[in-house]
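Working notes, structure below.
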Amino acid sequence: MIRRTVHYSPKHTSRSASARADSFAAGPTARVPSRRGSHVVNLLDIIYCLVVVGTAPWWARKKRTGWRERFGHVGQVPPRSRRPRVMIHAVSVGEVNALRPLIPLLLDRFDLVVSASTDTGIARARALFAEHCTIVRYPLDLSRSVARFLDAVQPDLVALVELEVWPNFVTACARRSIPVAVINGRLSERSFRGYRKIRFALRRTFASLSLVGAQDEIYRKRFIAMGVVPDRCKVTGSMKWDAVDLSRASQAPTEPALRLAEEMGIDPTRPLIVAGSTAPGEEALIHRACPPGVQLLCAPRHPPRFDQAAADLPGCVRRSARRPGPPGTDRFLLDTIGELSAAYELADLVVIGRSFTPQRGSDPTEPVALGKPVVVGPSMENFESITQVLERAGAIVRTLPDDLAEVLSSLLSDPHRRHDLATRGVECVRTQQGASAQHAELIAALLARAPENTPIRSDAAGAR
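This is the structure in structure tokens:
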């Protein structure tokens with residue numbers, strides 16, 4: 045990918061904090077909520093607390109960690125430098141991965157703080173960006189937690205990946221004259237329906253967003269319908285296209301992939317279907333649909349499901365066993381983390397998990413960029429824009445669960461069809477790349493318009 049330089053011209057003033065806030069609210073980049081909005085936010089704190097109490101048994105089962113951080117105690121954050129500080133929030137692993145092409149475009153100009161909400165998101169962010177970025181956990185959307193967090197991080201700009209528009213957080217940023225942008229913006233039909241039911245409570249929050257970079261025109265119109273000022277909402281494409289490496293397309297398997305095949309006993313002379321990020325019920329479905337003599341490797345999305353997935357794949361070899369099965373084994377379970385990319389390299393055909401049950405799909409761009417023919421199910425709501433682009437290019441096959449067996453058999457018996465899908469897929473990815481550079485330019489331009497680069501601190505000393 046060609047690296048582009050992002051230009052930034054800071055503006056310094058000597059105005060008071062209140063004057064900066066008034067000027068910022070009147071300008072094109074943010075709006076300070078009215079007193080009425082403050083009452084809504086206070087009510088939100090009460091609602092949040094009631095929800096937490098009511099769902100306490102569920103939270104206990106989830107065994108979540110980092111509770112002190114979730115209440116805004118982020119720990120040590122490096123002192124501010126002379127450069128502007130940009131905070132980018134990516135809720136979990138998928139959103140963190142989407143930042144891989146964007147972060148290098150910003151590092152030369154800005155100090156970067158990357159936040160995530162989930163434990164897996166935090167771990168992935170540390171693995172990818174800890175050398176050059178500060179990694180913190182995003183707070184719960186309680187007023188005091190948000191105040192502690194912003195006092196510690198002190199961002200000049202906040203960029204929220206895909207959506208994650210929390211009312212208390214956005215309102216607190218507006219009061220401090222911190223512009224908030226949504227990058228790689230996506231508002232699915234399901235989320236849009238839910239948000240519209242409470243639009244009266246969220247309209248001010250969406251209206252105070254300084255910028256939305258939407259993945260496509262449909263998402264742009266949905267953000268505007270929620271209250272985003274139309275001039276602040278632009279179509280940028282999806283950064284997920286940029287997060288894949290086309291140099292690996294249709295190449296021989298790498299050493300990690302070959303080692304995976306050898307240690308699990310995968311036969312390179314027989315066809316292999318890889319089903320990635322599978323959900324409950326999909327292992328059994330794909331197992332039944334798999335043609336005789338064809339090898340199948342399933343990689344469940346969530347580790348707690350590994351044992352159940354193994355039960356749905358009779359006689360499967362589990363990667364965690366670290367030994368191959370007997371000769372002729374044709375069912376494999378990838379019950380480890382971080383090896384799905386290697387498994388995709390080995391595949392003759394890829395099936396995208398979470399798309400044959402109401403789980404709203406998984407990201408198909410990685411196997412497509414590797415030059416693999418890809419099959420998805422009907423439920424791809426979270427990646428509908430990407431899926432439709434691939435479908436229009438003739439680069440992906442979408443099918444119903446009842447037709448999966450026929451589709452798999454047809455594709456495996458037609459190498460020319462598989463090659464055509466793979467070739468079209470790689471070319472489609474190539475033509476869609478470039479959204480990360482657009483987002484970098486938009487972030488720099490938004491910072492250049494901000495009236496002051498030092499954020500306003502909270503007035504509530506007791507928030508600490």
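Numbering of the sequence shown is given in my numbering, commencing with residue 45 and proceeding in unit increments. From the three backbone atoms N, C-alpha and C, an ideal C-beta is built for every residue, glycine too.
DSSP three-state assignment for residue i, whether helix, strand or coil
i    : result
L87  : helix
C17  : Because the chain spans 45 through 508 in this model, residue 17 falls outside it and cannot be assessed.
T73  : Residue placement at T73 is poorly supported in this model, since its pLDDT is 42, which falls under 50; the coordinates still yield a value, given next. T73 falls in the coil class under three-state DSSP.
I317 : strand
T467 : helix
A520 : Residue 520 cannot be examined here, being either before or after the span of the chain that is shown, 45 to 508.
V224 : strand
T322 : strand
V95  : helix
V288 : coil
A489 : helix
R442 : strand
P300 : helix
S294 : coil
S399 : coil
A494 : coil
Q476 : helix
A18  : Only positions 45 to 508 of the chain appear in the structure, and residue 18 is not among them; the question remains open.
H460 : helix
F68  : Here F68 scores only 35 on pLDDT, less than 50, and its place in the model should not be relied on; the value that follows carries that caveat. F68: helix per DSSP, three-state reduction.
P312 : coil
R501 : With a pLDDT of only 43 at R501, under the threshold of 50, the placement of this residue in the model should not be trusted; the figure read from the coordinates follows. In this structure, R501 counts as coil in the three-state DSSP scheme.
A437 : coil
Supposed contact pair residue j and residue i - C-beta distance, whole angstroms, cut 8 Å
i    : j    : result
L304 : A386 : 5 Å
A3   : R345 : The structure shown does not extend to residue 3, since the chain spans only 45 to 508, so no value can be given for it.
P315 : L444 : With 8 Å as the limit, P315 and L444 do not qualify as a contact, their Cβ atoms being about 22 Å apart.
V412 : L434 : 7 Å
R362 : P417 : With a Cβ gap of about 26 Å, R362 and P417 do not count as contacting.
F400 : E326 : 5 Å
T249 : V202 : So it is not a contact: roughly 13 Å between Cβ atoms.
V190 : L204 : Wrong, their Cβ atoms sit about 13 Å apart, outside the cutoff.
L377 : C360 : 5 Å
A301 : S321 : Contact doesn't hold; Cβ gap of about 18 Å is too wide.
R168 : V137 : 5 Å
L290 : R474 : 6 Å
H483 : T280 : 6 Å
P402 : I381 : At roughly 25 Å, the Cβ-Cβ gap does not stay under 8 Å, so P402 and I381 are not in contact.
A251 : G271 : 4 Å
Residue i versus the options, residue with shortest Cα-Cα distance
i    : options                   : result
P123 : M131, A196 and V140       : A196
T409 : P402, G372 and R468       : R468
N228 : R220, F267 and F193       : F267
P274 : W285, A258, M283 and D286 : A258
V130 : A437, I147 and G415       : I147
L448 : R332, R362 and A287       : R332
D286 : R442, A142, L255 and E326 : A142
A160 : A216, S321, R126 and T178 : T178
L255 : H460, E206 and E299       : E206
I242 : E389, L88, F213 and P358  : L88
L357 : S364, A365, R366 and L341 : L341
L156 : I330, R168 and H133       : H133
A524 : R144, E383, E485 and E389 : Outside the shown range of the chain, which is 45 to 508, sits residue 524, and nothing can be said about it.
P557 : R230, D458 and F173       : Absent from the structure is residue 557, since the part of the chain shown begins at 45 and ends at 508.
G415 : L490, P300, Q295 and G421 : Q295
E383 : S221, L329 and E299       : E299
N86  : D464, L186 and A251       : L186
V209 : R192, L184, G309 and A439 : L184
I396 : R220, P371, I317 and T280 : I317
E113 : V140, L194, R264 and Q432 : L194
R493 : G116, R276 and C93        : R276
D458 : Q482, L393 and A488       : L393
R404 : D200, T431 and I381       : T431
E175 : L151, A479, T164 and Y182 : L151
F350 : S364, V338, Q339 and G337 : S364
A479 : V288, L329 and I90        : V288
I330 : G119, E261, D446 and Y182 : D446
A466 : P211, G271, A391 and D200 : A391
D464 : Q476, L486 and V441       : V441
C-beta neighbour in chain C for residue i, strict 7 Å
i    : result
R114 : This model lacks chain C altogether; it includes just one protein chain.
(request) Could I get the ranges of all uninterrupted beta strand (DSSP E) runs contained in the stretch 345-395, with 3 residues as the minimum, in chain order? (result) 375-377
(message) My parser needs the beta strand (DSSP E) runs of 3 or more residues fully inside the stretch 227-283; what are they?
(response) 255-258 and 277-279
(request) Please go through the stretch 123-210 and give each complete alpha helix (DSSP H) segment of 4 or more residues, from N-terminal end onward. (result) Qualifying alpha helix (DSSP H) stretches, in chain order: 137-142, 147-151, 163-173 and 187-197.
(request) Could I get the ranges of all uninterrupted alpha helix (DSSP H) runs contained in the stretch 402-435, with 4 residues as the minimum, in chain order? (result) 409-413
(request) Give a yes or no on contact between the stretch 219-234 and the stretch 421-433, applying the rule of three or more CB pairs nearer than 8 Å. (result) yes
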